[in-house]
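Chains as they are written, first to last, in my numbering: chain A, 1418 to 1576; chain B, 1418 to 1576; chain C, 1418 to 1576; chain D, 1418 to 1576; chain E, 1418 to 1576; chain F, 1418 to 1576. C-beta atoms are modelled at their ideal positions from N, C-alpha and C, and glycine is treated no differently. Worksheet: the structure to be examined is printed underneath.
Number of protein chains: 6
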Amino acid sequence: MTAQLSHIDEDGNARMVDVGHKAQTQRVAIAETRVVLSRETFDLLAANALPKGDALTTAKIAGILAAKRTFELIPMCHPLPLSYVDVRFTPVEETATIVIEAEARTAGQTGVEMEAFTAAQVAALTVYDMCKAVQKDILITGCRLLHKSGGKSGTYDVR
Amino acid sequence: MTAQLSHIDEDGNARMVDVGHKAQTQRVAIAETRVVLSRETFDLLAANALPKGDALTTAKIAGILAAKRTFELIPMCHPLPLSYVDVRFTPVEETATIVIEAEARTAGQTGVEMEAFTAAQVAALTVYDMCKAVQKDILITGCRLLHKSGGKSGTYDVR
Amino acid sequence: MTAQLSHIDEDGNARMVDVGHKAQTQRVAIAETRVVLSRETFDLLAANALPKGDALTTAKIAGILAAKRTFELIPMCHPLPLSYVDVRFTPVEETATIVIEAEARTAGQTGVEMEAFTAAQVAALTVYDMCKAVQKDILITGCRLLHKSGGKSGTYDVR
Amino acid sequence: MTAQLSHIDEDGNARMVDVGHKAQTQRVAIAETRVVLSRETFDLLAANALPKGDALTTAKIAGILAAKRTFELIPMCHPLPLSYVDVRFTPVEETATIVIEAEARTAGQTGVEMEAFTAAQVAALTVYDMCKAVQKDILITGCRLLHKSGGKSGTYDVR
Amino acid sequence: MTAQLSHIDEDGNARMVDVGHKAQTQRVAIAETRVVLSRETFDLLAANALPKGDALTTAKIAGILAAKRTFELIPMCHPLPLSYVDVRFTPVEETATIVIEAEARTAGQTGVEMEAFTAAQVAALTVYDMCKAVQKDILITGCRLLHKSGGKSGTYDVR
Amino acid sequence: MTAQLSHIDEDGNARMVDVGHKAQTQRVAIAETRVVLSRETFDLLAANALPKGDALTTAKIAGILAAKRTFELIPMCHPLPLSYVDVRFTPVEETATIVIEAEARTAGQTGVEMEAFTAAQVAALTVYDMCKAVQKDILITGCRLLHKSGGKSGTYDVR
């Protein structure tokens, strides 16, 4: 951790890292999150019969749009020229769960984890919003990094 | 669920609910989420010794700002004149977890759950961002509605 | 036009109208626009076989989101607490045209034409974006106000 | 169209194209749109005597600002480092029409048509807003691509 | 100061004030700032001969747009339904200074000082931007509240 | 000034400079501004005893976030991939003044003065907002460029 500690602002204030000296490389990050529904809500969503309509398409678009605005939401994130964002959904029948996987890519000087996370979590919030008229105790859970490649710290993959 | 079904767009398309006929009442919502850290990261955060500095203050401000922009992020949400937003943190030593509680209030025609959720999840993402240089396998989990009051559906409280 | 002329800034500079003295009434506006495609593009869109996928759903969500941000885009528009926005599509087989109708509602001190127009035109731009890989000479045309009600100037309707 | 079809998401969902492998070249796009006014409105605009003031200057600035935010408005657009945006107006006396031409330039991996279109249409919406106190049946029409150069598909020009 | 002290968060963290209990009254605020130019720059601006063109019109529109987005920029500000924003310029020949006066109005539960200040300072920054190609040592100075009325604390006026 | 004059739009309209032909170099800019408080307000801020809490941390985050959105606020600014933004505060006891220094860096085709200025002035506005419950006659003053390097015009430094 010596490298990181050398970065510490002496008084503990929040700070943006200067990435100007970092190499510009291809960066990929994939994040996952899960929306746990009741059986009834899951069935309505699967049948596209929710009062507010098509939850997953709405969530996909919301997630992609949010990824592009990560730098506005997360104070110490850098603006990045994203070359690709995707949000994918896997409805898991047995557990009435929507598994959301979001991917971001760029050629840049810093990683795109936060863009992938923002896409995943805003997609999850949108699923919640589309379902909340029929269920209040929805759970958004298990949000974690699945994959990251392209930076100095090498490839991270837990899939 | 008859009430909701009467809202369904015949072809399942996403749609915004017209709230123009709803009563303008005092609305409160509280959402919770959790950031599970490693012991080492938790200790660095607690000692305000993270490379990027003060994680919780940065996360609080990010969460409050994000709540005010919920309508830009969640497609079918209405713009609301929020009268109050707060984001509170409880570091839980035993489990190396930061419990985040976000609250939103308005006098309006629709609930503020999404604003509370957005504040909580963007605060959690900011904690992740402030800690990610020292730990990659951070988990954001257990995001759920704790309290909601003020609408036609009455008070919901699981605390 | 005496009423309007009394508002004129003596030097012709752009100005925002003060709506503080206007009555708060229910306001509705509906705007229309048209995207004229080639036969081939129209058929791909109708078959949901465009390279970038589902054009109309994406356009609907983009239009609704844009309506909520009209005050950020149009300099002299007031921020309004929209109670409802909708974007509807009618594909017209004979002319290979997508007719877009956007509606906005609020209870406020000024009309919602610009919100309806912004929804319609951003939806049209999104249809263009979703189709542009297969056709470059798409036309967006015939954008006009269909209906406006709720203000001092009475109801306007050309449908 | 084989190239495009190979991009198709198997289930027709909306998707962002990955531009990470595309060459970074100089890109230019020019779009046109038209605002058709009544004789009376046209004369007021030409005399800079509209109630809300200088319509064209306001529209120019609104169009330039909007071009820079295209990636926030059009879901599948990529954020681009625009090097130039311009919006030009040609008032056509005979037809009481304002012809708007918008141009965008970048050195990037994808075209700038959507930025040019967004500038043109937001400028047109702003002209509408500045004139709507004196005329309700304004038409925004004839929006099309005039020129595009710099990408793999070669130069397109209809001027 | 007893009233304010009762609001203090026990640990000194930043917080948003809950304005939900405040009376909804007509609120006005006027702020002033000054851009001090060199004689040469002032003359170019006055002759509308700056390389980037009409500085004051651009600054006026930028200031009005920024006022509407104050709640996005200033973390603890509330979103407000502004009914009026204006930015006025007085070029002072003797001192080569542009005096900027910005006014904001709303009917709301909290004051509009920050909206007036944001309009004034973003207008000043825009004047700087329009002039910076010809002068680097421009000064933005003397930014202060001129007038405030409508809240519990009564009218404040230093004009 | 011949170079600039050659840029002038013949009719004095505002215009964005085309930076597409400029060299991509490392750019740094530092701007300064000052918030002059009363003795009482300064002491409350220094003791972190203001009603709205920690003014400087809130201002630092607001300034950094605002720098990243400069291109949305200042009409003729280009979007830039900022590699670093910082906002630093020096409380000056004798004059009850907070000196704010903001720095921006990028590798790009145009300077980052406006980003540094926007960070400094939004930080100052945030300090004002955090203090305004206890003092109304706060002054924001002395905003100027301290340093600029990396462009064709060479290094400028007044420190």
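Asked, Found
"For Arg-1576 of chain D and Leu-1405 of chain D, believed in contact at Cβ under 8 Å, the rounded distance", "For residue 1405 of chain D there is no data in the structure shown, the boundaries of chain D being 1418 and 1576."
"Rounded C-alpha distance that separates Ala-1398 of chain A from Thr-1543 of chain A", "There is no way to answer for residue 1398 of chain A, as the model of chain A reaches only from 1418 to 1576."
"8 Å Cβ shell around Asp-1426 of chain B - same chain, five flanking residues per side excluded", "Because Asp-1426 of chain B sits at a pLDDT of 48, beneath the cut-off of 50, its placement in the model cannot be relied upon, and the point is left open."
"Asp-1554 of chain A - containing beta strand (DSSP E), residue span", "That residue, Asp-1554 of chain A, is in no beta strand (DSSP E); it is neither H nor E in DSSP."
"Close Cβ partners of Gly-1470 of chain B (< 8 Å) along its chain, the five nearest in sequence each way excluded", "Met-1547"
"Reference Ser-1455 of chain B; option with closest CA among B:Lys-1569, B:Thr-1572, B:Val-1551, B:Gln-1443", "B:Val-1551"
"Supposed contact pair Ala-1448 of chain B and Ala-1533 of chain B - C-beta distance, whole angstroms, cut 8 Å", "4 Å"
"Chain A contact residues for Asp-1475 of chain C, given Cβ-Cβ distances below 7 Å", "It should be noted that the sequence gives Thr, not Asp, for residue 1475 of chain C. Ordered by position in chain A, the residues that pass the 7 Å Cβ test against Thr-1475 of chain C are Ile-1478."
"Own chain, CB closer than 8 Å to Leu-1499 of chain B, minus 5 neighbours either side, in chain order", "Ala-1484, Lys-1485, Ala-1521, Arg-1522, Thr-1523, Val-1529, Glu-1532"
"Alpha helix (DSSP H) segment containing Arg-1456 of chain A, residue limits", "1456-1463"
"Pick from E:Asn-1465, E:Ala-1446, E:Val-1502, E:Gln-1443 that is closest to Pro-1508 of chain E, judged by C-alpha positions", "E:Asn-1465"
"Beta-carbon proximity list for Gly-1568 of chain F, same chain, < 6 Å, skipping 5 on both sides", "Gly-1528"
"Rounded straight-line distance, which links the Cα of Leu-1556 of chain C to that of Val-1580 of chain C", "Nothing about residue 1580 of chain C can be read from this structure; chain C reaches only from 1418 to 1576."
"Inter-residue CB distance, Ala-1540 of chain A and Val-1502 of chain A (contact presumed, cutoff 8 Å)", "Actually they are not in contact, since the Cβ atoms of Ala-1540 of chain A and Val-1502 of chain A sit about 11 Å apart, beyond 8 Å."
"Gly-1528 of chain A, DSSP secondary structure in three states", "coil"
"Cross-strand partners of Ile-1517 of chain D (DSSP beta bridge)", "D:Thr-1450, D:Phe-1506"
"Alpha helix (DSSP H) segment containing Gly-1480 of chain E, residue limits", "1472-1484"
"Reference Val-1516 of chain E, options E:Ala-1537, E:Leu-1497, E:Leu-1490, E:His-1438, closest by Cα", "E:Ala-1537"
"Segment limits, alpha helix (DSSP H) that includes Glu-1489 of chain B", "1487-1490"
"Nearest to Thr-1607 of chain A (by Cα), restricted to the options A:Gly-1480, A:Thr-1487, A:Ile-1478, A:Asp-1460", "Because chain A in this structure spans residues 1418 to 1576, residue 1607 of chain A falls outside the shown range and cannot be described."
"Chain C contacts made by the region 1427-1439 of chain B, where a contact means CB separation under 7 Å", "Asn-1430, Ala-1431, Arg-1432, Met-1433, Asp-1435, Val-1436, Gly-1437"
"Rounded separation between Ser-1580 of chain D and Lys-1553 of chain F - CA only", "For residue 1580 of chain D there is no data in the structure shown, the boundaries of chain D being 1418 and 1576."
"Contact set for Thr-1442 of chain A: own chain, Cβ-Cβ below 6 Å, skip 5 residues either direction", "Gly-1567"
"Under the three-state DSSP convention, the category Thr-1512 of chain A falls into", "coil"
"Proximal residues to Asp-1435 of chain F (C-beta, below 6 Å), its chain only, five neighbours per side dropped", "none"
"Reduced DSSP secondary structure (H/G/I, E/B, other) of Thr-1523 of chain D", "strand"
"Simplified DSSP assignment, three categories, for Thr-1535 of chain D", "helix"
"C-alpha gap between Leu-1467 of chain D and Ala-1479 of chain E, whole angstroms", "20 Å"
"Expected contact under 8 Å - CB spacing of Gly-1559 of chain B and Thr-1558 of chain A to nearest Å", "6 Å"
"7 Å Cβ cutoff, Arg-1456 of chain D in contact with chain F", "no"
"Closer than 7 Å to chain D by CB, Pro-1508 of chain F", "no"
"Residues near Val-1445 of chain E by beta carbon distance below 8 Å, same chain, minus five either side", "Glu-1520, Ala-1521, Arg-1522, Val-1529, His-1564, Lys-1565, Ser-1566, Gly-1567"
"As assigned by DSSP and simplified to three states, the class of Val-1434 of chain D", "coil"
"is_contact[Glu-1566 of chain C, chain B] using C-beta, thresh 7 Å", "The sequence shown places Ser at residue 1566 of chain C, not Glu. It does not: the Cβ of Ser-1566 of chain C has no partner Cβ on chain B nearer than 7 Å."
"According to DSSP, residues forming a beta bridge with Ser-1500 of chain B", "DSSP lists no partner for Ser-1500 of chain B."
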